[in-house]
């Protein structure tokens with residue numbers, strides 16, 4: 005049955021897409037395909053690593069790069085570059101990590117440059133580097149460990165530089181003796197002791213690179229006018245005379261806190277010297293006072309305190325200024341220098357129960373210092389005085405007393421004298437408050453001048469020694485304290501360092517727990533303690 009108005013059905017009417025639809029879909033498919041291809045190519049291009057170009061100022065070939073007059077080390081090079089050269093560069097420093105971006109380098113050359121500084125990490129990150137040339141770059145030194153981590157090195161060229169063969173370059177000599185890399189002959193341009201020598205022929209012990217200094221360690225909150233160190237049992241102690249507080253202050257070493265702490269005190273008046281003296285393991289302390297007389301104390305170990313056992317004759321010792329202790333032929337003595345117009349410098353002797361006046365050296369001379377020493381193996385005393393030249397006394401063994409031997413000519417106004425020895429030779433340091441202080445040497449018959457030091461305002465010129473180090477410390481009320489170190493080759497003292505101590509009056513060294521300390525008394529400021537430190541200049 006046919007329905008009126010119906011149309012004839014073709015393939016379109018049977019559910020198939022029309023021709024127009026099929027054409028649209030065909031075109032749509034091509035478009036999608038093209039789009040997929042384009043996107044795929046774009047993604048592939050994005051994943052591709054772009055090859056770095058040759059930096060500006062550089063010329064690159066297959067595996068080489070040459071940079072001339074560049075102002076800095078470029079950070080990028082083509083990945084196949086294994087040889088890199090810099091000529092007449094516009095930079096004067098090679099900083100740390102400069103080649104961290106080129107780890108595949110096998111050869112690195114610098115020629116006709118002028119470098120002021122090369123950082124110790126300048127070549128870090130070059131494990132494959134075999135050849136390194138720093139020739140003709142006006143180098144004076146190289147930092148320690150600059151070749152560290154470069155185990156592949158077979159050749160290093162350092163020719164044509166101005167290398168200073170001092171302690172800073174000691175490491176290079178050590179490295180040359182241990183490395184597998186070869187070096188051409190290179191020469192020292194200084195210092196004078198090595199100038200012109202082949203660095204290749206030097207040995208590590210050719211360098212004297214150990215120095216020393218006194219470094220601030222501890223400040224004590226009191227003024228003092230004298231200082232002495234002594235040993236009691238197995239412990240080290242120090243004692244300071246405090247004139248304003250009127251005490252002898254004893255300090256001991258705290259092995260835990262690593263500081264000096266209060267141990268004991270002796271109360272006194274206007275104290276100028278607290279001199280420790282050990283006799284048969286008993287500790288005595290001679291306390292010299294400007295007023296109220298001077299006294300002798302003994303340390304009572306059972307009561308753990310000091311007990312006064314004796315007064316010193318006030319008619320002989322009116323104004324004590326210095327005390328020296330010594331032994332002659334097994335007998336114990338001390339001598340007090342008296343600086344009053346009416347007193348007398350006096351020697352005291354231990355008789356088993358106490359000390360008695362053994363000899364008055366001379367009255368009325370206002371002695372300011374006394375020094376005990378041995379000259380040609382014979383006991384001597386040297387007295388310094390404000391009224392005459394230093395006087396030398398020699399021990400008379402038959403009389404068991406000191407005889408006046410001579411004086412030291414042309415040395416008026418000497419405040420104090422302290423002695424020291426270097427390689428068997430005897431020297432003395434003479435302190436002058438006005439004029440020049442001096443170092444003199446005993447020539448077998450008399451002390452002869454070796455060296456002069458400007459010393460206005462000086463009241464102490466103290467030689468001290470530890471190990472192979474010999475010093476002389478010159479204090480002043482008007483300037484910084486000068487530390488001088490003995491130069492064996494010159495046979496003289498040379499400046500070492502300066503210390504800031506107000507009105508220093510005495511110095512003493514003490515060795516504790518393998519450490520050495522310098523104790524410095526200060527009349528107008530805080531008493532100071534310094535540590536003697538070793539410094540390796542090659543580091």
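In my numbering, the protein residues as written are 5 to 543. Beta carbons: idealized from backbone N, C-alpha and C, even for Gly.
Whether residue i touches residue j by CB criterion (7 Å)
{"i": "residue 464", "j": "residue 510", "result": "yes"}
{"i": "residue 382", "j": "residue 398", "result": "yes"}
{"i": "residue 346", "j": "residue 324", "result": "no"}
{"i": "residue 60", "j": "residue 79", "result": "no"}
{"i": "residue 158", "j": "residue 185", "result": "yes"}
{"i": "residue 336", "j": "residue 283", "result": "yes"}
{"i": "residue 113", "j": "residue 137", "result": "yes"}
{"i": "residue 77", "j": "residue 110", "result": "no"}
{"i": "residue 88", "j": "residue 116", "result": "no"}
{"i": "residue 437", "j": "residue 451", "result": "no"}
{"i": "residue 298", "j": "residue 321", "result": "yes"}
{"i": "residue 228", "j": "residue 244", "result": "yes"}
{"i": "residue 534", "j": "residue 220", "result": "yes"}
{"i": "residue 123", "j": "residue 99", "result": "yes"}
{"i": "residue 497", "j": "residue 478", "result": "no"}
{"i": "residue 541", "j": "residue 215", "result": "yes"}
{"i": "residue 226", "j": "residue 246", "result": "yes"}
{"i": "residue 118", "j": "residue 96", "result": "yes"}
{"i": "residue 393", "j": "residue 416", "result": "yes"}
{"i": "residue 341", "j": "residue 326", "result": "yes"}
Helix, strand or coil at residue i [DSSP, three-state]
{"i": "residue 227", "result": "coil"}
{"i": "residue 173", "result": "helix"}
{"i": "residue 237", "result": "coil"}
{"i": "residue 59", "result": "coil"}
{"i": "residue 400", "result": "strand"}
{"i": "residue 261", "result": "coil"}
{"i": "residue 313", "result": "strand"}
{"i": "residue 355", "result": "coil"}
{"i": "residue 203", "result": "helix"}
{"i": "residue 217", "result": "strand"}
{"i": "residue 444", "result": "strand"}
{"i": "residue 256", "result": "strand"}
{"i": "residue 416", "result": "coil"}
{"i": "residue 48", "result": "In this prediction, residue 48 has a pLDDT of 49, which is less than 50 and means its spatial position is unreliable; what the coordinates show is noted afterwards. Helix, per DSSP."}
N- and C-terminal bounds of the alpha helix (DSSP H) containing residue i
{"i": "residue 538", "result": "Unbroken run through residue 538 is the beta strand (DSSP E), 531-540; no alpha helix (DSSP H)."}
Extent of the continuous beta strand (DSSP E) run through residue i
{"i": "residue 374", "result": "371-379"}
{"i": "residue 70", "result": "68-72"}
{"i": "residue 278", "result": "275-283"}
{"i": "residue 392", "result": "Per DSSP, residue 392 belongs to no beta strand (DSSP E) and is neither H nor E."}
{"i": "residue 434", "result": "429-435"}
{"i": "residue 209", "result": "First-last for residue 209: undefined, no H or E at that position."}
{"i": "residue 501", "result": "496-503"}
{"i": "residue 512", "result": "508-516"}
{"i": "residue 405", "result": "405-411"}
{"i": "residue 77", "result": "Unbroken run through residue 77: none, as it is neither H nor E."}
{"i": "residue 520", "result": "519-526"}
{"i": "residue 491", "result": "485-491"}
{"i": "residue 456", "result": "451-458"}
{"i": "residue 90", "result": "87-91"}
{"i": "residue 323", "result": "Per DSSP, residue 323 belongs to no beta strand (DSSP E) and is neither H nor E."}
{"i": "residue 302", "result": "298-304"}
{"i": "residue 293", "result": "286-293"}
Residues that residue i bridges to, as DSSP identifies them
{"i": "residue 466", "result": "477"}
{"i": "residue 3", "result": "Outside the shown range of the chain (5 to 543) lies residue 3, about which nothing can therefore be said."}
{"i": "residue 387", "result": "374, 395"}
{"i": "residue 425", "result": "430"}
{"i": "residue 340", "result": "327, 350"}
{"i": "residue 245", "result": "230, 252"}
{"i": "residue 268", "result": "254"}
{"i": "residue 186", "result": "159"}
{"i": "residue 345", "result": "Partner(s): none; residue 345 has no beta bridge."}
{"i": "residue 64", "result": "69"}
{"i": "residue 366", "result": "349"}
{"i": "residue 361", "result": "352"}
{"i": "residue 191", "result": "202"}
Jot down the residue ranges of each uninterrupted beta strand (DSSP E) in the stretch 97-175, minimum 3 residues, whole runs only, in chain order.
-> 111-115, 135-137, 159-161
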